[in-house]
Structures are given as structure tokens and as C-alpha cells.
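**Q** Read in this note's numbering, the sequence shown has 361 at position 65, and its numbers run on one by one without any break. Where is the CB? At the ideal position from N, CA and C, for every residue including glycine. Attaching a single structure in C-alpha cells format; questions to follow.
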Amino acid sequence: FVIDQPEDCDEVRQYLEQFPEIDPSRVLLMPQGTDAEQLRAVGAWLEPYCRQHGVGFCPRRQIEWFGLVRGT
């Protein structure tokens, strides 16, 4: 799930409650952003949230490495 603001995390949690068979540790949350600065800003609060709630964090390194380019 791509996350832009803290309220998005609540929405994901509510969605996942409909599927109790899904192991939260297999769910990935990733910051919304089109450049490294935006990704770091959202990731600064999203990564600790993920650790606290037992879900995975995906930092979207391809955007940091290659920019906003299709196919990366």
C-alpha cells in the first residue's frame, strides 16, 4: 500500500480487518513520493509506524536511485 498521510494507515488497517487470515508481517507499506526528499519525509514517520504495528516497510529505493522513471 502506498501511504501519503497517517490517515492512510488507518484506512489500510480497517481494510485488513476484513481479512483476518492475512498475516500483517506480509503486508508492505511504502511512502508516497516522486523524489527522494518526499520519500524521506513520509518514511521518517512511516517506518516507525510499520515496526510498531508489525507490518513491512518498503522504502521505494528505485525512485531514489533512478528517479520517477517507468520500468524500474
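#1: Pull up the DSSP beta-bridge partners for I299, would you.
#2: Work out the CA separation of A340 and M326 for me, nearest whole Å.
#3: If you run the structure through DSSP and keep just helix, strand and coil, what is G363?
#4: With a 10 Å radius around its C-beta and 16 neighbouring C-beta atoms as the bar for buried, classify I359 as buried or exposed.
#5: Going by beta-carbon coordinates alone, are F297 and V308 separated by less than 7 Å?
**A** Concretely, from the data shown:
#1: I299 is bridged to P327.
#2: Within the model, the alpha-carbon separation for M326 versus A340 is close to 11 Å.
#3: If DSSP states are grouped into helix, strand and coil, G363 belongs with coil.
#4: Taking every protein chain shown into account, the CB of I359 has 16 or more other CB atoms within 10 angstroms, so this residue is buried.
#5: Contact flag set, yes.
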